[in-house]
Every structure is written in structure tokens, then in C-alpha cells.
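Encoded as C-alpha cells, the structure appears first; notes follow it.
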Ligand SMILES: Nc1ncnc2c1ncn2[C@@H]1O[C@H](COP(=O)(O)OP(=O)(O)O)[C@@H](O)[C@H]1O
Ligand SMILES: Nc1ncnc2c1ncn2[C@@H]1O[C@H](COP(=O)(O)OP(=O)(O)O)[C@@H](O)[C@H]1O
Ligand SMILES: Nc1ncnc2c1ncn2[C@@H]1O[C@H](COP(=O)(O)OP(=O)(O)O)[C@@H](O)[C@H]1O
């Protein structure tokens, strides 16, 4: 190496690769979380969807989306390939957020198609105006919100797409009875849920830590470390708060809610983990978990059927996290609110239109019989646990 | 970056974050290991305990324990947040060690309470006198043993707490029959056990490698690499030795024992992986595994019921590893023995007293009926695999 | 740190350790993949085999193989321990490739014995003439092919050993009926298959990225990042291509084939991920997946019974990846072909002879009754999921 | 006393249970079984090979009833379990010589 | 010959087995079943919603015995399986026309 | 009509099915059960302790047939399921009073 600038370049490249690898752990993370949360007859289909999303979303981003988002591949501070990989690792997550919430009824093919459009166009546009080339710079629609690692850009975008998808596909049959009762449809495999949640949690360190953009100075190193620390703290506070609320209500420790609380805290901190002191994340995470705990039954009352709680975790806390920056840092609350609204309008409308059109061409939803028998047979022809006798 | 000192700071911060991330993989690692080792009716409870421990222990350490252990947050050689995160990653492990061994009968709430006290006070005191601010420096009780990554500080401390917990809560019903027979209670999910053990193994690289404290010089880099190499070698030797002993005894390869042998070797090397040449760990690991293989039935004969073998792995090998430093390096064996005794006295007595008091306020143990039906229903209201027919 | 050379040394050491850790994730990766693909009565045995391989192969490489392969432990560009660890992480993979394909009928003990010989002698010789000390340098047999991370050295070597093993042990009973029908023997646990495949995928980043050998300059950092990017792209293209082919043929998304397609793409890119532009891997991966999709039924028609598809993934694509370097880069196709042939001859013949001799001493294959009851009972005395009722 | 055994399609359990509730029958025992019959099994796919799974999951409902209720119960079950498509299942009636309620040691009619 | 079917609480199996051993009965067949009856199912929790699982795991023991042993066997089972709490289960006795031991083709008494 | 219940070793299912196919019997119901009998359970190992699993997995085949077919069916099953080793299982024959095909409400002979 010839000089300190090279050292920075190398360190930033290495760190971006490290962060990217952590984020890729979110691929099995989402897959295991969702495979654990659905009924065993839909597990193979969920795993297939997760795998297909990683494939099509990343490829679409490579071929189209990345250029659209950032204008150019050039990069001075690190290898341009590392910079790409880091951003590529994000894109599948947006669609994972959405696919999880329409599990147990949506077909693989139209979902993959939506994944292509989402990662080639919709998400890149959101990135463009927030983190990227910013083609709207100077216009009224320009996003000036602060959103370090994507409470809005990633999580709300995915969440709005999910809301559109649920409105179009409808609830799982049997979830809401004619008499108006809400039926619980329990998770089939709690160890997988837990494994998935912790893989996501670990991925988040790369997601948020890497979003600082550089580690190659004392200040950057401090910012990265603080970001990871605050990220973790919000997750911890989320888990604990959800546990306490559930225990007070039911005298039971509902692990699926505890883990969703942790994820809610993680989403909420994501907009500004580098902006807070080390205690604020406790509050942000606790509020995030509280929102999850109350949003889950709220959406059920609206008959918006979300088997994995993705709306409560990602959409609600994406919004909350973006607001929190306006409250707990010196960023303008107004610009944060404007960002939330613009993302909401664009992501929801674009997703709705695209899904609506796809649905006309290739129905999103499986037939009633296939839904009863499970998507594993209908979509994949393969049972997830063929040898275990099921009840 | 402005000078080489900054490069060191950045490298050490990055390396500490890398090590910390590896250690966090031990959270799902312990969770999967224990979820696999218990009966399916207690799986959700075990997962909940593991999640709660990560939350409460880390938060208690953040708010109280870290300052108690180290006196100050300041740090010159790396970002203070990274230094904290690395240490925080340890604390939950101490309690995981303990919680695993009282699985299938202990309630979540009192265990979480104990977790708070352990990580806010008991463990920080042990750290204080060994790695930390050392408030006993110069006194008779000062710990001058060498314990790089915690054979005593982590593993024995957790092991003594576990012994206290088992003495207070007693064995699982049905484990020891009235006629004096020891009943085997087989693991419910061997793939999870294996996955968990390997996640722990990988976490150990961060645990021990990171404990070197710096990577930012040729010598440090060598020390880190040697540490990781020797750590791994001891694990390998442990696995192989356990396999051979079991095969000779039973003509069968008992995977749970092989994995426990590996973990025993890993615990044993932890006190001084940087002190040995590359062959000594073969011996240390092999002895570690042998101790595990004989300790498991030994504890059973004493009717000390430890469903996951944590006493044999962590306590026995924590002691053995600390002694090994006195035998295979130039450190004083006497000081090592003194360290073992002081940690034993303090950790066991403090844990016993705290657990005893908690037990009076909130019984540690579930009712007989709840134990029969499984802790999943009693404590979490949620089955781990509700759809699989169980026998 | 004293100068920039030290910084290089530290960075290369750190990066090698990072890469090595990723590769170690392939240990649970292979274990979960294979445990998911076999029937539940053989799951414990498969996990045991994977664990034993990691232990014996790594130890044999430490004690014998590494010196044989590289001649000397000395290293200037990074800590020699890190260099060793990185290479050690490879060796178990060669045997994992082989063991997976003879699952459900091969005994643990003779397989472990073969693992010792493979990693102490056969594989080190292949490494010696390709990446290592090169004792054949200048002779006709010298391997001058380009094989960055082992399409031939690792994957073909393992694949040829597997072919030898299958020829000697034969197919699983019941796989091919007397009337000539090929019976499908479905995977028992699809979530494990998916988890395992993604752990392998992540491990591949370390495998290929680390094989660049240095990260400590702008050019090296770029090469590492490009390598990881192209590796990932080939995996993505493999997954997508397999999905499309299966969908066109069966109107179903066969997740086991999609994942095998991804792995096939990853194997194929491994010989030269640093040599291509960012689009070529799309083609290499797509062809790799196509080869897998057609090789799987092809081997079945030859009654070569490979329960996990290892021949199709590793052998076929090991060859294809080595050829691809000759086609898509400026390396000589002829030398690539020569490399393929030399590896084939040496690896197949050596493995066949060793396995043949072992088979005479300790039969590789379990008895008919043990095969029917499952290897878990016969070899390990332990069921994988004892509580789940099986059909 | 009679024993009624009905093999039904699993997703009909809820409806059968409700139908029986109208007769104030509140006790029964359910077993997961696999059926083989005129109904063709479904095709599954495994690594590029299709194959037929010819045993189809069914539920067996076992029910002890008094003589006079048999016909009504059988009718109700048949009506509730019917889809009209192949594979709806069968109902078998046989005779029981004795019933004991373990908790109280009551016998026969009192034990149902 | 008679067939005895007993639906019991799963954790009583060991005791029932031991009780039968005193009668030198060493053969039986066990099935995992789900029971529905007076005993209320338990409440489970899922993501903030409580719900009732109304089928309760039970074991069914099937036992072929000679006529003269029926009463004794039924008594032993009932005694061993009894907790006195709701949900203890039922015992059904019916008649068997023939028993064959597959291994030897012995019939009836010899086949038990 | 008669009901034949056969407890067999699981791996004999395929052969029994084929044997019955020769009699053009195409309907049956299978249950996973556990058997306890003369056949000793196998020994398992768990963390250095051996123990005996004394319930052995078996399959129960249930089959409704007409009177005149009983003997032939029983013979075929016994022949196909026989290994000659302990644990081959039993066949029980009992009487059925009524059979209903749910799909068509056909009864008895027509319903088989
Ligand atoms: N002879 C039989 N004995 C016992 N069970 C039978 C018999 N025939 C059919 N069954 C059971 O009834 C189920 C449905 O039978 P099937 O022939 O598929 O359709 P259907 O009842 O509409 O005629 C089968 O899956 C099997 O469980
Ligand atoms: N009429 C019936 N036919 C068949 N099985 C029954 C019947 N009634 C009860 N059972 C079985 O007996 C079990 C216990 O019955 P339940 O009414 O809960 O309590 P108890 O036996 O104490 O009266 C049920 O779970 C069910 O399996
Ligand atoms: N008296 C019985 N009642 C019901 N089932 C029985 C009886 N005796 C044996 N069985 C069943 O038959 C199976 C085989 O019996 P076993 O005594 O092991 O061997 P065999 O049939 O060769 O005499 C047992 O596993 C059990 O399921």
C-alpha cells in the first residue's frame, strides 16, 4: 500500500463487504422467520418465495435498479463493487417485508414478477430521491428527511407495498369467521422463528453500521460503533417491552410477540441510530415494541390479515422511526413528516397499480382448494416435512 | 485518516465489532442447542428464556454492570462503543450457561430477575477483580490468575451459578426413579443441537480472538490468529476424543456427546489460547472432552440433573482450562488455583443467596402439573411444534 | 503500528480470518443441507458424519496435510496462523462434498478413516501441484490451469471421490426398483435444506473472496470485491435459471432444484470470479444450473444414486467452471482441460483405491436391516426427532 | 351400545363437530389416518422427478353412542362430511359390549 | 376373544403398562389420538390473541384378550388410569371373531 | 360385513398393498401405531447412557370386507406381512353392522 488514502479505501471496502455479508444473513433470516410462522403446509412455498426474491430482486437491481438509483457506479471512497454489493443487499429486504405479510395465499410467479418491478423501478426511485442521485433535487417532492439506514426508504416502502398487496389479495380463508370472530392461526415451528429473528437482528448490525458509509477515521469508527450499539439497544428494549406488556396482559411470555417487539425496535432505530445518545434508543425501542403489540390486533380488527406481523413491525415502526429522528435529534420534524408522506404516496400507489395489473394478468391468489391443501403442493409440489404426521 | 495511530484505532474498532458480531451468533447458538436438547413440550420456554436473557442481561450491563466492572467507559485504543459492545456480548453467555442446565422446570420470570442481578452485579464484580478496574488490587482477594477469555470468569462463574440453581430447584420429575434408576430423557431435535453447537463454535472465534484486545500490529495480528487457531484445534480435539471414547464404550457415535466434547475443549482452551504452541491445544481439548464424557454420568449419579450437560462442559472445563494455563504455560499454577477458588466461592455463594431469595419471593420451579404438560403451555401459552403429532 | 507494511500484514491477517470464519459457516451449512435432504431416520447419522469430518479432516491437515501441500508454514504477507486457518477451512469441504452423496447407507467409521487419508494425502497432493509447493513443477503433470478458489481443486476432487464412493457402495435399497423404476425419496425437512444452502452461499463469499489472497491495496480490494460480487451473481443466476427450467417443465417451483441450481452456479464461478466482467457470471451461473437440472436425472438413469445431488452440483460444475475460465478469460483452454483431466485421474483413482482397501477392512455400507431401520439407530443409537410421529 | 367410526376428509372435521353438537353429542375421539381408495393421491415433485403419493390424509372419528341414536348420528355425519367428490370416506357401525367411564367407573349408557 | 380399547391420559401409560404386567399381559397396541369431551381444552396464546385448543391429546390402548380375562383387565386399566379428574377417558369392550398371529399363523387363544 | 385389522411391520406395507391388489381390494385405512409385545424394543444411547425404547413403530391396516372374502384377505395379508421373526404382528377380525359410503350414501356391500 502506498499511502493512507489507500488504507482508507481498503478499510472502507472491507467494511462494506463485512456489512454486506451480515445483511445477506437476513436472507435465511427472513426465510426461517416466515417458514416458522406459517402453517406447515405453506412452509416450502414461503421458502421458495424468499429464495426467488433474493434471486430476481438482486439481478434486477444489478441490471437496472442500481444505475437508476445512484446514476453512476463510480466511487472514490471504496471499491465500486463493494458499494454495489452493500446496496444490493438491501433491495431484497424491501420485498421480503412485503412477501411475508401475504404468505399462505399468494402465488410465487406473480410475486416474483412484482419483485422484478419493485427492485428495478419502484425502490430505486425511492432511493434516488433520498440517498441517491436525487433527480428531484430542488423540486417540491425532493426528500430531505434524514433516514440513515431506511426506516422509511426500506421498511415503510416495503410496508406500503404489503398493504397494497393485502388489500388486493384479501385475508387467508378461515382467518375471519362469518360471525366476525378472529381465528388465531398458530406458527408451526417456533425454533425457526427464533433463529430467523436473531439472524435478522445480526444482519441489522451490518445494515445500520454499514450505512454510516465509512469506517476509515476515528470519527467514522466511532459513528459506526455507536450506530451498532444503539441499534442493538433498541432491539433489546423492544424485546423487553413487548415481554412486559404481554406478561401484564396475559401472564404469559409470548415469544412471537417478544421477537416482533425486538424487530419493531430495530426498525424504529434505523432512521437515526448515529444521532442519539446511548439512552434514547431505550425509549425509541420501547415505543416501537408497544406500537407492535397494539398494531397486531388493530390490523386484525380491520381484517387486514398479515400472518407474520410485517405491517406492525415494518410499516408502523418505519413511520415511527422516521418521526423519532425529528423528535430526538436536531433534524426538522417537518421534513421527516414530509418524507413519510411522500414515501407513503409513491410506494403505496406505485405498488398498488403494479400489483393490480399483475393480478389481472396472473392472479396473485391461489385457488380455494389449493389454499386449503396448502401452497406447498400447489406451487412447489413438495411438502416441507413429509414424514411428520400432522394434525 | 491522518496517521497510523488512527489506523490502529479504526482497525481495533472494526475488529472488536467483528468479534462482537461473532459472539452474538452465540445467542441463537445457545437457543438452538438448548431448544434441540429439551423435550418438545419445553422448547418454546427455552427459546423465550434465551431471548429474555439477551435482553435483560445486556440492558442491565449497559445501565449498571459495565461501569461497575470497568470503572470508566473511556478507551484510547478503540471506539469506546465498540469496547462496550464486545464486553456486553459476553454477559448474556454467563446466564445462558446457567439457564440451560435448569431447563424443563424453571420459570421465565424469576430466571429473568436473576439475570438482571447477575449481569448488573455478580458478573461485573468478577470481571472487576479479574479483567477490570480491580477494586481489590493489592488485597489478598485480588485475582492475579491468567484468564484470557474467561474459562473462569465466564464459564466457571456461569457453572457455579448453575450448580446453585440446580441445588435449589431440584431435578426434573421422572429423571430419577424411586428405585434409583436414572432415566434418559432424549433430545427432541438433533439438527437444532448441531446447528447450535456450530454457531457457538464460530462465536468462540470472536470470543477468544477478540479478547486479545488488539489486532493493530504484526504481533497482535499474530496473537489473534494463533488464538483463533488454538481455539479451533481444542474444539476439534474435543470432538474427536469424545467420539472415540463413546465409540470404544458403546460402538456408537453419540453426536450429543461429540458436540459436548467439542464445547468442553473450547471452554478448556479459553483461559490461554494465545499462550500455547499449536500442539498443546490437542491435549487440552482431549482432556476437556474426556472430563465431559465422565462428568455427565457422574453428575447424574449425584442426582444433579443438568439436561444440557452445562456443568460438565462449562464448570468442569472452566476449572480445567484455568489449571491448564498453570501447567502448560509459564504462569503460576498457584495463582491459577487461587483464582479458581475465589471465583468458586464468590460466584457460588452470591448466586445461591440471590436465587434463594428470589425463590422465596417467586418460586423458581413450575408446578408439578405444568411440568408434566410442559413449560411451553404454562409459561408461554404456545406450543413449539403445534402441528406435529407427538408421541 | 510502525509502517504501511505492517498495516498490510494486519489487514491481510484480519481479512483471512474473516474469510475463514465465513467458510466455517459452511460446516453447519453442509450439515443442515444434508440433514434436510435425507430421510428422518438418517438425519443424526448425517450430522455425525459432518461433525466427524470437520474434526478429523482439520486435524489431519494440521498434522500432515498442510506441510505436504505448501512445503512451509512461513508467510510474509499475513500471520502464518491465519494463512493456515484459511486453508484448513477448505479441506473439510472436499470430504463433505463426497460424504453427502453417499448418505443413508455409509458408515461413520470408514468414512472418517477416508477423511483422514483424503485430508492428509490426497487433497494436499492436488493442492501441492496447483496452489502449493508444486513438486511437479516443470514436469508434464504440472498443473498450470487457473483455478482461483477450487472449481477443480476442491469441487471436482470431492466429486471424483464421491463417484468412487458411489461405485463401491452402491445405491440405497429401494431407490431403483427391480422393474427399473426410479423411486423419489423426498427430503425430510425443507427449512433445513434452505438454511444450509444459504449458509453455504455466505461461506462462498469467504471461500472465493479470501482466495484472492490479499485485500491490502486498492487493486486487491477491488479484486476481492469483484470476486464476491461475481460469485454472488453466478449463484443468483443459477437459482433463477433452475427455477425457470423447472417451472417450464412442471409448472412447479421445486425449491430443492432451485437451491441446487444456485449451488451449481456458485461452483461454476469459483475457478475465476476475479477474471470476468460483471455480466459473464450470469451466463456461467445459468449454464451451471442447467447442467445441474439435467445431470440429476441423468445420474439417476445411470443408477448412480446421489441423495443430495452432489455429483451434479460439485463434479459437473467443477468441470464446467474450470472450462469456463478457458472460454471467458484469456487463460488457455487447453491448460484448463489438462488440469481437469489430471485432477480427474488422480482424485478418482486415489480415492477409489483407498476406499476399496478401506471397504475390505471395514465395510463402508451398513447391513440391509440397519439401512431399513435407519442409520441413526445403527450408527448413533439416537433418533433425530424421537418425539415426532413419523409416517 | 354402538360404535360409529367415520373416515372423513380432514377439513370437514369442524362441520362434523358442529353437526354432532346439535345432537348434544360432545364426546369423541379423533385419529389421524391415511386412506387408500378410489381417490387418486396427488403428484409431488422431487428434484426433477414426479411421483405419486397414494396415501391421502384422512381423519377417523370414533364415537360411542346408544342404540337409538345410531341412525341419526350416522346421518348427521354423512351429511356434514359430504362434498360429493371421490374420497369423502366411509362410516362403519359395530357393536360395543361394554363402556366404562374411567373417572367414575360408571358403565354403559351412563358412561357415554 | 374380546377387544378392549381404552382412551387414557397420556401420562398414565406407564402405570397402565405396569398394571397389565401384573396380569402377565405383555402385548398391546398404542395409538396417539385426540379427544373431545367434557374436559375443556386449554387456552393458548398467539401474538396477542388467546384461543382454545379443544382437542386434547390422549392415548388409545388396544388389547386383545380372552373372554375370561376381560373383567380383570378392564378393572386394572381403570384403576391405573384413574386420576378422578375430568378427562380420564373411557374403556370400550367389543367382541373379536378371530385372531391370527402373523409369524406362526396360530389362531385365537394361541395368537394373543 | 367384517372388519379386518392387521398390525404389521411398517416396511411390509408395500407388499401387503400389492397382495391385496391381487384380490382387487383397493380401499383401506392406515394408522401409525406403536406396539408392545414379545419383540424387544431397541436400545438407544443418550449422552453416555443406554436405554430401551420398548414401544416399536407398527402400522395398523383397517379394512372392511364382505363375509365371503374374509379368509382369503386374512391369508393374503398374513403371507405378505410375514418375516418369520418375532414382532410380525396380529390380525383381528370383527363384525360390522353397517357401512355407509359418505359420498353416495350407498350402504353395506355397495359401500365397500
Ligand atoms: N374397504 C375399506 N376399508 C377401510 N377403509 C376404506 C375402505 N375403502 C375406503 N376406505 C377409506 O375411505 C377413504 C375414501 O375412500 P375412496 O375409495 O377414496 O372414496 P369414496 O369414499 O368416495 O368411495 C379411503 O381413503 C380410505 O381411508
Ligand atoms: N362418546 C364418546 N365416544 C368416543 N370417545 C369418547 C366419547 N366420549 C368421550 N370420549 C373420549 O374420552 C375422553 C375423555 O372424555 P371426557 O368427557 O373429557 O371426560 P370423562 O371421561 O372424565 O367423562 C375424550 O377426550 C374422548 O377421547
Ligand atoms: N394382545 C394384544 N393385543 C393387541 N395388540 C397386540 C397384542 N399382542 C401383540 N400385539 C401387537 O402385535 C405386535 C407384535 O407382537 P409381538 O408379541 O411383538 O410379536 P409376535 O406377533 O411375533 O408374537 C405388537 O407390537 C403389538 O402391536
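Residue numbers (our numbering), protein chains in the order written: chain A, 8 to 398; chain B, 8 to 398; chain C, 8 to 398; chain D, 241 to 352; chain E, 241 to 352; chain F, 241 to 352.
Note that beta-carbon positions come from the ideal geometry of N, C-alpha and C, so glycine has one too.
Residue-level contact to chain F via CB, residue i, 8 Å cutoff
{"i": "residue 326 of chain D", "result": "yes"}
{"i": "residue 188 of chain D", "result": "Outside the displayed range of chain D (241 to 352) lies residue 188 of chain D, so it cannot be described from this structure."}
Closest Cα partner of residue i within the set the options
{"i": "residue 323 of chain E", "options": "D:342, D:272, D:263, D:310", "result": "D:342"}
{"i": "residue 304 of chain F", "options": "F:352, F:294, F:284, F:279", "result": "F:352"}
{"i": "residue 285 of chain D", "options": "C:179, C:323, C:334, C:261", "result": "C:261"}
{"i": "residue 95 of chain C", "options": "C:131, C:355, C:232", "result": "C:131"}
{"i": "residue 266 of chain D", "options": "E:280, E:298, E:344", "result": "E:280"}
{"i": "residue 319 of chain D", "options": "D:249, D:256, D:276", "result": "D:256"}
C-beta neighbour in chain E for residue i, strict 8 Å
{"i": "residue 397 of chain A", "result": "no"}
Chain-ordered neighbours of residue i on chain E, where CB pairs are closer than 9 Å
{"i": "residue 271 of chain F", "result": "271"}
{"i": "residue 388 of chain B", "result": "282, 283, 284, 285, 286, 290"}
Chain-ordered neighbours of residue i on chain F, where CB pairs are closer than 9 Å
{"i": "residue 285 of chain E", "result": "Neighbours of residue 285 of chain E on chain F: none; closest Cβ ~30 Å, over 9 Å."}
{"i": "residue 333 of chain D", "result": "336, 337, 338, 339, 340"}
Under 9 Å by beta carbon: chain D residues contacting residue i
{"i": "residue 251 of chain E", "result": "Here the premise fails: no neighbours, minimum Cβ distance about 14 Å."}
Test: residue i CB closer than 8 Å to a CB of chain A
{"i": "residue 180 of chain C", "result": "no"}
{"i": "residue 59 of chain B", "result": "yes"}
Any chain B beta carbon closer than 8 Å to residue i
{"i": "residue 320 of chain F", "result": "no"}
{"i": "residue 191 of chain A", "result": "no"}
{"i": "residue 236 of chain A", "result": "yes"}
{"i": "residue 232 of chain A", "result": "yes"}
{"i": "residue 195 of chain A", "result": "yes"}
Contact set between residue i and chain D, taken where Cβ atoms lie within less than 7 Å
{"i": "residue 264 of chain C", "result": "287, 288"}
{"i": "residue 341 of chain F", "result": "330"}
Check: residue i C-beta below 7 Å from any heavy atom of ligand 4
{"i": "residue 326 of chain D", "result": "Judged by which ligands are present, ligand 4 is missing from the structure shown, whose ligands are ligand 1, ligand 2 and ligand 3."}
Residue i (DSSP reduced to helix, strand or coil)
{"i": "residue 283 of chain A", "result": "coil"}
{"i": "residue 201 of chain C", "result": "helix"}
{"i": "residue 31 of chain C", "result": "helix"}
{"i": "residue 306 of chain D", "result": "coil"}
{"i": "residue 342 of chain D", "result": "coil"}
{"i": "residue 210 of chain C", "result": "helix"}
{"i": "residue 247 of chain F", "result": "strand"}
Cutoff 8 Å: residue i Cβ touching any chain C Cβ
{"i": "residue 68 of chain A", "result": "no"}
{"i": "residue 84 of chain B", "result": "no"}
Proximity test, Cβ basis, 8 Å: residue i and chain D
{"i": "residue 338 of chain E", "result": "no"}
{"i": "residue 316 of chain C", "result": "yes"}
{"i": "residue 379 of chain A", "result": "yes"}
Within chain E, the residues that residue i reaches when beta carbons sit closer than 8 Å
{"i": "residue 384 of chain B", "result": "282, 284"}
Per-residue contacts from residue i into chain D (C-beta, under 8 Å)
{"i": "residue 7 of chain C", "result": "This structure cannot speak to residue 7 of chain C, because chain C is shown only from 8 to 398."}
#### Entry: Length at least 4, wholly inside the stretch 134 to 191 of chain A: the alpha helix (DSSP H) runs in chain order
Assignment of alpha helix (DSSP H) within the stretch 134 to 191 of chain A, counting only whole runs of 4 or more residues, yields 164 to 176 in chain order.
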